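Protein chains in written order, with this note's numbering: chain A, 1 to 737; chain B, 738 to 1017; chain C, 1018 to 1192; chain D, 1193 to 1663. By construction, the Cβ of each residue, glycine as well, lies at the ideal position given by its N, Cα and C atoms. Values in this document were obtained by computation on a predicted structure and should not be read as measured data.
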Amino acid sequence: MSGKMNRRSFLKVMGWSGAGVALTGCDMPTTVTLEEGKEEVMSYLMPEEYVIPGVGVWYASTCTQCAAGCGIHGRVREGRVLKLEGNPDSAVSNGKLCMMGQAGVQGHYNPDRISTPMMRSGGSLTPVSWDKALAMLEEKLGAVSGNRFAWFTGTVSGHQSALLTNHLDAMGSTNHYAHEVVNNAVSRAVNQDMLGEANPRLRLDKAKMIVSFGADFMGASQSPVQYSVQYAKFRTNKERGLLVQIESKMSLTGGSADLWLAIKPGTEAVLALGMANLLLNKIKLSDAGIPSDVRTLINSYDISKVAKITGVAGDRIQRVTQLLTERSPSLVLAGASVEGQTQGYATTAAIMMLNHILGNVGKTIESAGDFPFPQLMAKQGGTADLVAFAEAAKAKKLDTVIFHGSNPVYTAPESLGLTEAMANIGFKVAISQFPDETTMAADLVLPMSSYLEDWGTQVPADQAESSAIQVQQPLMEKLNAETKGFGDILLTLLKQRKKEEYGQFEDYYAYLRNAFVAMPTSVKNDAQSNDEFWNAALQTGVIKVDVGAKDLQSTVVSFAAPVVDDSAGLTLMPSPRLGLFDGRHANLPWLQEAPDQISKVVWDSWAEMHPDTAAKMGIENLGLVKVSSVQGSVTLRVVLLKGMHADAVAIPLGQGHEAYGRYAKGLGINPLHILDAATDDKTGELAMYSTRVTVKRVGPPDSLSIVRMGTGAGDSQVGRKLVGTVPVEQVRRTEGT
Amino acid sequence: MSLDNILNHWSDYRKGAEEGGHHEYEHRWAMAINLDLCTGCNACSTACYAENNLAVVGKEKFESGQAMHWMRIERYWDQQELEHPEQGASFLPMMCQQCGAATCEPVCPVAATYHTPDGLNAQVYNRCIGSRYCSNNCPFRVRYFNFYSYYESSWPEPMEQQLNPDITVRDKGVMEKCTFCVQRIRTVKDKAFMEDRSVKDGEVVTACAQACPTSAIVFGDTMDENSMVSKLWKKHQVERGIYQKTKYAKKDTDLRGYRIFEELNIDPSVMYLERVREDI
Amino acid sequence: MSKKRMMGLFGDFEEAHDAIADIRRNEVPGLTVDDVTMTSPIEHPEVEEVLGDRPVHIQKFTLAGAIFGVVFGFIFLAAAQASFLVQPQGGKPIIALPSNIVLIYEMLIFFAVWMTFFAFIFLSGLLKKRSALYSEKVSLDQVAIIVEIDDSISESVKGLFQKHKVLEIREEAIR
Amino acid sequence: MTMVTEKDINEQIAWAKINTDVLKSMENPRPAYWITLAVCLAMVACAVLAEYIQYTVGMGTAALNNPHMWDMYIAAFVFWIGMSHSGTLLSAILHLIHADWRKPIYRFAEAMTTFSLLTAGIFPMIHLGRVWNLYWVLPYVSDRGIWPNFRSPLVWDAFAITTYLTASMLFLFVGMIPDLAICRDNTTGWRKKLYGILALGWVGSDRQWRHFRKIYLLMACFLIPLAVSVHSIVSADFAMSIMPGWHITSFPPYFVAGALYSGCAAIITLFILLRYFFRFEDYMTLPIMEKTAKLTFAIAMVWTYLNLIEFASVWYGHDVYNKELLIAKATGAYAWIFWTMLFCGSVLPFALAFRKLRRHMPTMFVVSLFLNLGMFFERWMIVAPTLSMSHEPHQWDIMYGSIVEWAIVFGSFGWFGMLFLIFVKVFPSVSMYEVKEMVFHRKRSAGEEDLARMTDHAKPATQTTGGGGGA
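In structure tokens form, the structure reads like this:
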């Protein structure tokens, strides 16, 4: 039989591939050779030369679903990217990928993507040509002067970041607002002051014990995959790591804790000081490097007092503290719920101080070294910039703003008055992929290519063992030709300003290649030629960067004494979650349909409360409640979980979009809107976890899209061995770990 | 002629699970899932959606229990008597256990679900008439039925371009379930066949195992003595075959390995390792 | 010498019974009980006894059907299973006797019942055209005695019938 | 009149009257008939609409979900199969034990069997996800060498029900041949043609009667084990699974008893309806009703006993899944159904123990309806709770069915009613020739010694009917 494939055998193949899971159609070299494929099987006649019909090829790139910058592999077949997986060469992702990264393809193929530039005329956005849009842009940017122009972005890094900075310079402006709801800005500040580094390397894998104050490092954190991988090592080490989670709302990480302690919201600082007290005064660790005022502060918190304030049992505190000294090196972490307090800085400092006392610095907290390309380093977002931006807008200090990679209209609390203030901004440009709230409020919308169609580099803020630049390359042709990559748009903007300087680059690809080629030999290491280096970079998807070794010294800064808010009501915890994250993934059906890890709710918003608290208020599980703060109120269903402190009510982020496409629009509510505008007095970051609310029952229980469908089933194993649990001693004996 | 076929192979054809049944297995794919590492993060589940063309059913249908998540994460609260779950939650990744003596198989009226030489419990969509008996007889409740046609609602233009061409999109009236990513197995087997070698351990990785950030899921061939899975099964003294045999095989009952509902004698291919907690 | 068929309708079953009894006792020479057919609206074995024992063979067919059902059933099922090795097994043998026995049992009854039915149709002389001598009264409440005789003895037969209070007599020539 | 009530049937009844009464019941339907028929058709229409929706939109419209892959349809299927059992089975048993009081009532009972089978047969089909491939269940030789899976109880169902349907239809038909001959002789026009064909040229010759006696006996002998096996096999759908609450040894007898039970209850219902509508007081007499009621009561007790057995065996069995399920049945979301079932099935039948009530038609009518309600609930309790609360607690749920489901189940009653209504107008719903036999034999045994008196009675009968018979 010749290589030619006659119609019958072709049909046979089709029939087989149709025949369910037992067979796998075209991936069978045994039934379809490439020759046959090209001639008969492929739907289009002349495939691109890099397309091997019927065979999936993996290309390396970088994930931008969150700021972590995981290296990914994308499976490309017949010119379409089908599946994303972690890139083993990337130290950040270690060949793994979280649910958000997996769902990246759905953002890429999303039916609600913006396909053409749009300009606001007569109140509504109407499609225009790129030329018109760019002409408009050039005119407006030409008109604006200095600081009346601003960029508003999420976390940006790599060469895009560099270009963006250059554009700001070209515009003579210094206003770059970088906004992320899920951020560790306060920790960065504390680290900067205590360690001299904002983003030291955390080595969970080296720790024998982790005490986490609400740090959801495996969930909605700065680098979930990296820390999950480290967690796995931490657990499987010779001496199994011990995880103690202290928080007011059980997070994904808390779900895996050996000991989960509920603490009264806002009293973490007190607990930290109490533990410090035990360490210094009882266990007699050295108090070197601790300022006297802090020392006296510590002394004033004896265990009984601490137990009373925090609601954590005294013996528990003592035991945990004791273990911290026994299981050295340990690691104490502070998370969003700690940072996001009116005293966020002080609290975080108090917690980081424990690392200092326990001598973890340098062991489980390492220096990130000196990154050779400061201009490429991540400009990390926070909420302080959001506040500042709102102020500036209100004060009519801004004429033209370009928005990208952030959705302030959705994420800003009403109390900031941003929505109204937006009107004060004369010309708002949105470089965006989806019709989200901010984009809908813009005057000019530039359709952006998805990260799977675009060139770029990412420099993760939280670098893993080995620092690297993550390379991002297109995995397929643009879905619609009208979209432009972010880098290309930046380049165009710069060409408008500095033709002479950037005219040489035909497009961002050219610029990037040039930039790579220009890299020092230290980075290129043994690459023979520029082409080889370039190809190697594209193949591996990472450019390893030697940052040199550096050891870390810590000093304790003095911080304010904790003030405990005992006013009536409950503390609202607007908790982000792996999945919808800060709401940016609400338009990805896979993530909408993936149940929340703790409460198992899908496709909806809900409030989490402790059953006892609810009982006092006469609220039943799945009942309809009204959560009101000074700023406003939201009505939603309640899910009673014991993984809550009695004084807290949690409303996960992500839902409540007024725009953002068919999957996100009109689902649930957005807790961010009812937050107070209170900020951390030191860093100016929004105190997102300090809003006091009251909860009122407004309706009877009703169905909610909970996996267990509200029957109460699925909560308990009813004595059946589905998940067995054994004490660690037994495992030590049997497995010697 | 099938008559002398019967006479010649009578004794073969009369073999039940106790004697290993009538199978010349090429592989016996299996898993070992370390529940101590599972953080319930949903990565596996989402990866499964991406790999296997699983339909997104939407709020209402999900609410009425018609979701299609082949790989679902179950979350249980132990220590319910306490005020707070002090040892966190118990997460259980639950997918088709590819039982050696699968209860779903003998009840299918049209032989749409059967046992492959790979030891997989295959579902032939084309043959299924949707009597749903298999799902009723599955103690794990991991078989999912296409109650509706989803190909319009779940993959609106251009979403359908993401669909994996290696497997079909199922239409209404058909039962479906986890296949241990049979398309991946198939690809690797064919590759090995072309290169005239046997499949190497770690060559086949299911989507869930691949994605799992904590590497809690290990996938492999229990017929390959040196495969990671075989070693783990051996280490925890979990054996293939039905309960009566394995019960006595397990010398040290403190070992963490166990198979869910093993007492039903269905010989699941997934071994779970118990969650570990330290009391402090 | 032409033959004829004669029918006598009787309102009274006992009279009919006696009439046949007389024939049996050869009161009419040349007429034996074998020539007698009795048609009646109901089933009454005790009256029919007088006709002497006339064998019925349906049960043999039933037996045949049953045996066929069993043999065919087993061979069919076993052959099908043996030639269909990918069938779902779930740890059960290829040829699983318990389930096959259930099906064979059903097949036994199936074939037995149908054989019985067809045997009934053919053995009981149904599906034939009714002769002119059929009286609708028979389906109501009267008994008819039909005899095949020579013309020669027809008178004496009539006499016999009359003696037993016959209500009506019909004749028909056999050609 | 009191004397008559003591007897099952009045021996003095003239044979011609039997003919005319029964034949009359087959002619010129009254408005009431048309109205009922219309109602039934309307119900069927609902069902058809519902099925159309389900067929086009998907099985999801039937409120099925992951734990509840089966539901109302299977419950209804079991219910109707059960309904079918009384007719043939009782008729056959009573025939074998020469209980001739069956004769006036067995005809419609057997018809009921056939029609409830035809109803039951619908449910497995509409419950299929891809009904258009139904024929794959049949063992036909295909060039792909694919066969159905002979291990599956569903395939057993297919075999058993086909056998049972054909066999009981034959039984019904054979038993009807002499009556069809009567109809043939007493009708004109298309009816005469129809009956002429169906009667197969029956003339009532001794030869025919002898074979008739034999085949009827043989069929009765086969039908009893068949009927038992059929419902055992239906029970196998559940008992052969590993699900708690299904995998129970006592299921086959339990199902058979339940089947007889619901069947008897249905017989009582139809008995009263026919007696009332067709003025069949002379044939469906109180004594016969009493006997039927007593029988029903006996079966009710058997059913209750088997219930208790099941509970006990589960309770002392220490199978955690089964035990928890049993407790959940009695206390959980389905508790009200559970207790209603027990009340209707085990307490209410004691009404049948009182002569007064047995003879009071309205009471009997209501009671019989409640008995059947209880039986339907029993089927629901068999199907639903197990699926709601099986091994995997994560997948527990509660389920009450959807509009579509209810519409189809509702319609099935219309379908049954329609078939039955047509039957009673086309075929004699009381066996004429056998009532005659009954009268004849009873009379005979009444005065064996005094033939003279018998003949005195026989004569006027013939005279009165001399004309009537001919007409």
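- In the DSSP annotation of this structure, the continuous segment of the alpha helix (DSSP H) that includes C/Met1132 starts and ends at 1114-1140.
- The DSSP-derived three-state label of A/Gly71 is strand.
- Every beta strand (DSSP E) of 3 residues or more that sits fully in the region 92-179 of chain A is shown, in chain order, as 118-121, 124-127, 149-153, 176-178.
- B/Pro830 is bridged by DSSP to B/Ile810.
- Around A/Thr734, the beta-carbon contacts reaching into chain B at under 8 Å are Asp989, Asp991, Leu992, Arg993.
- Interface annotation, C/Ile1112: in contact with chain B, CB-CB separation under 7 Å.
- Between the alpha carbons of B/Pro893 and A/Pro111 lies a distance of about 7 Å.
- Within the same chain, no residue comes within 6 Å of D/Thr1523 by CB-CB distance, once the 5 residues on both sides are set aside.
- Taking a C-beta distance under 7 Å as the contact criterion, D/Pro1296 and D/Val1618 do not qualify as a contact pair.
- At least one CB atom of chain C sits nearer than 7 Å to the CB of D/Leu1362.
- 7 Å or more divides the Cβ of D/Trp1348 from the Cβ of D/Ala1312.
- The region 901-911 of chain B makes contact with the region 77-91 of chain A, as at least three CB pairs between them are under 8 Å.
- The beta carbons of B/Gly795 and A/Gly255 sit no closer together than 7 Å.
- Counting only Cβ-Cβ distances below 7 Å, D/Phe1414 has contacts in chain C at Ile1126, Ala1129, Val1130, in chain order.
- The alpha-carbon of D/Ser1276 is positioned some 9 Å away from that of D/Ser1454.
- Burial state of A/Thr383 is buried, judged by a 10 Å Cβ sphere holding 16 or more other Cβ atoms.
- Between D/Thr1253 and D/Val1596, the CB-CB gap stays under 7 Å.
- Boundaries around B/Asp958 are those of the beta strand (DSSP E), 954-958, since no alpha helix (DSSP H) includes it.
- Taken atom to atom, the span from the alpha-carbon of A/Gln473 to that of A/Ala336 is near 32 Å.
- D/Leu1390 has its alpha-carbon roughly 33 Å from the corresponding atom of D/Leu1478.
- Rounded to the nearest angstrom, the Cβ distance from B/Phe799 to D/Leu1256 is 14 Å, too far for a contact under 8 Å.
- The three-state secondary structure of A/Lys626, taken from DSSP, is strand.
- Taking the C-beta atoms as reference points, C/Glu1065 is found no nearer than 7 Å to C/His1181.
- Beta-carbon to beta-carbon, B/Cys836 and B/Ser1006 are separated by about 7 Å, close enough to satisfy the 8 Å threshold.
- When Cβ-Cβ separations below 7 Å define contact, C/Gly1108 makes contact with chain B.
- What A/Asp565 touches in chain B, judged by beta-carbon distance under 9 Å, is nothing: the nearest beta carbon there is about 22 Å away.
- Within chain D, the residues Glu1516, Pro1585 have their CB atoms less than 8 Å from the CB of A/Val718, given in chain order.
- Per DSSP, B/Ala792 is not a residue of any alpha helix (DSSP H), being assigned neither H nor E.
- Taking each of A/Val517, A/Arg235, A/Glu501, A/Gln597 in turn and checking the Cα distance to A/Asn535, the smallest one comes out for A/Val517.
- Going by beta carbons, A/Val602 and A/Glu593 fall inside the 7 Å limit.
- Rounded to whole angstroms, the Cβ separation of C/Pro1110 and B/Tyr750 is 6 Å, and the two are in contact under 8 Å.
- Following the DSSP letters along the chain, one finds D/Gly1388 in no beta strand (DSSP E) but inside the alpha helix (DSSP H) bounded by residues 1381-1390.
- Closest by C-alpha distance to B/Cys845, out of D/Arg1550, D/Ser1344, D/Pro1316, is D/Ser1344.
- CA-to-CA, the gap between D/Glu1570 and B/Phe877 works out to about 26 Å.
- A contact between stretches requires three or more CB pairs, one per stretch, nearer than 8 Å, and the region 1204-1223 of chain D fails this requirement with the region 1578-1591 of chain D.
- Taken in chain order, the region 229-267 of chain A contains no complete alpha helix (DSSP H) segment of 4 residues or longer.
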